[in-house]
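Read in order, the letters of the sequence shown correspond to residues 644 to 933 in my numbering. Glycine included, C-beta positions come from ideal geometry on N, C-alpha and C. From a predicted model like this one, the values you see are computed outputs, not experimental measurements.
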Amino acid sequence: MSARAILTIVGAVPLALACLASAADRMGVPLGLLPARLAPGAAIQTAREAFVSADPMAARARAAAAVAASPMDAGASALLGAVALKAGNPVAAHEAFAVSARLGWRNPAAQLYWLGVGLEAQDYALAAERLDALLRTGQRSAAIDAAILQLEASPGGRSALAAHLLVASNWREAFTASTGALSGTALARRIAVLQRARAGGMPVDCKAVAATVRTLVDRGDRKAASDLWRAACAPLSETESRAGNFETVAAARQPTHGAQPVWVDDLTIVRMAAAPPAVRARDVEQTTRS
Numbered sequence: 644m645s646a647r648a649i650l651t652i653v654g655a656v657p658l659a660l661a662c663l664a665s666a667a668d669r670m671g672v673p674l675g676l677l678p679a680r681l682a683p684g685a686a687i688q689t690a691r692e693a694f695v696s697a698d699p700m701a702a703r704a705r706a707a708a709a710v711a712a713s714p715m716d717a718g719a720s721a722l723l724g725a726v727a728l729k730a731g732n733p734v735a736a737h738e739a740f741a742v743s744a745r746l747g748w749r750n751p752a753a754q755l756y757w758l759g760v761g762l763e764a765q766d767y768a769l770a771a772e773r774l775d776a777l778l779r780t781g782q783r784s785a786a787i788d789a790a791i792l793q794l795e796a797s798p799g800g801r802s803a804l805a806a807h808l809l810v811a812s813n814w815r816e817a818f819t820a821s822t823g824a825l826s827g828t829a830l831a832r833r834i835a836v837l838q839r840a841r842a843g844g845m846p847v848d849c850k851a852v853a854a855t856v857r858t859l860v861d862r863g864d865r866k867a868a869s870d871l872w873r874a875a876c877a878p879l880s881e882t883e884s885r886a887g888n889f890e891t892v893a894a895a896r897q898p899t900h901g902a903q904p905v906w907v908d909d910l911t912i913v914r915m916a917a918a919p920p921a922v923r924a925r926d927v928e929q930t931t932r933s
């Protein structure tokens with residue numbers, strides 16, 4: 644196990660910033676508003692500041708002091724692990740993060756570390772499990788987005804991610820929507836994950852998918868829009884045939900709100916997305932009347 648590889652995957656600063664989360668969450672108030680002697684995360688805060696500085700000796704000393712001050716705080720052990728990881732000591736890092744995990748999985752730094760371990764070892768089940776735990780708590784960062792892309796880069800990773808999507812009700816919609824920001828190979832892999840999850844029984848909000856389809860069409864990526872619609876919302880019996888094209892398969896007829904069509908098939912969605920604003924407004928009015 645390479646400390647440098649894991650640190651490259653999760654990022655030194657994101658790892659440090661995540662270490663304080665458990666103490667802050669438990670207190671329910673900003674740590675800076677509490678006297679130092681009453682703030683269990685104060686020592687962690689001091690150690691974290693040393694960690695992001697260029698003083699590894701001070702960082703290690705302060706991280707050890709944080710563990711001594713708050714031995715049951717997962718964030719303190721996680722920070723000690725982060726310091727060891729940054730210093731190139733993977734054994735000490737592993738031991739510290741193992742302690743953090745035993746104290747509870749709520750600390751994002753521990754989640755990030757084990758996500759990195761899983762990716763480096765190609766243990767996709769572990770990586771997907773830790774990624775799911777992070778996303779369930781609303782955690783999103785550049786490091787997490789990069790980890791998703793790395794997980795999706797292999798068939799095993801896509802399979803493991805799809806399995807968690809089946810039950811990931813609180814992050815599934817955001818994950819699907821993020822498809823609109825991808826392109827090329829990354830986009831194709833994301834669509835493959837969604838298709839696999841749907842084939843396994845994942846419920847799909849086709850109204851939300853239609854919004855992402857419109858984003859892709861607006862961007863000029865008509866083929867990707869078609870692939871996404873077929874993967875997520877075309878009848879399963881048609882996803883492997885030309886009949887599954889989103890220009891010939893009617894969308895799940897779900898109502899939308901505001902200025903969008905009330906009942907609209909996917910061909911109309913594409914036409915309106917690709918049309919100039921004035922034409923789009925006219926088509927919306929005609930569709931809502933029919």
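Under the three-state reduction of DSSP output, V742 falls in the helix class. Where A803 is concerned, the enclosing alpha helix (DSSP H) starts and stops at P798 to L808.
When DSSP assignments are scanned along the stretch 717 to 801, the uninterrupted stretches of alpha helix (DSSP H) that are 4 or more residues long and fall wholly within it turn out to be 717 to 729, 733 to 745, 751 to 763, 767 to 779 and 785 to 795.
Per the Cβ contact rule, the stretch 827 to 847 is not in contact with the stretch 770 to 784 (fewer than 3 Cβ pairs under 8 Å). Here S826 carries a coil assignment [DSSP, helix/strand/coil]. In the three-state reduction of the DSSP assignment, C849 falls in the helix class.
Contact annotation: L762 and A770 have beta-carbon atoms nearer than 8 Å. If the five residues before and after V710 are omitted, its C-beta is found closer than 7 Å to the C-beta atoms of A719, S720 and L723, all from its own chain and listed in chain order. Cβ-Cβ distances below 7 Å link L804 to A771, L794, E795 and V836 in the same chain, with the five nearest sequence neighbours on each side left out; the list follows chain order.
Taking every protein chain shown into account, the CB of A764 has fewer than 16 other CB atoms within 10 angstroms, so this residue is exposed. A706 and L758 have their C-alpha atoms some 22 Å from each other. Proximity to G731 across A790, M700, R745 and A744 peaks at M700, based on C-alpha coordinates.
DSSP places W814 in no alpha helix (DSSP H); its state is neither H nor E.
The Cβ neighbour count for V734, taken over all protein chains shown within 10 Å, is under 16; the residue is labelled exposed. Sequence-distant Cβ neighbours of L825 in its own chain, meaning closer than 7 Å and more than five residues away, are R833. For S869, the enclosing alpha helix (DSSP H) has its first and last residue at R865 to A875.
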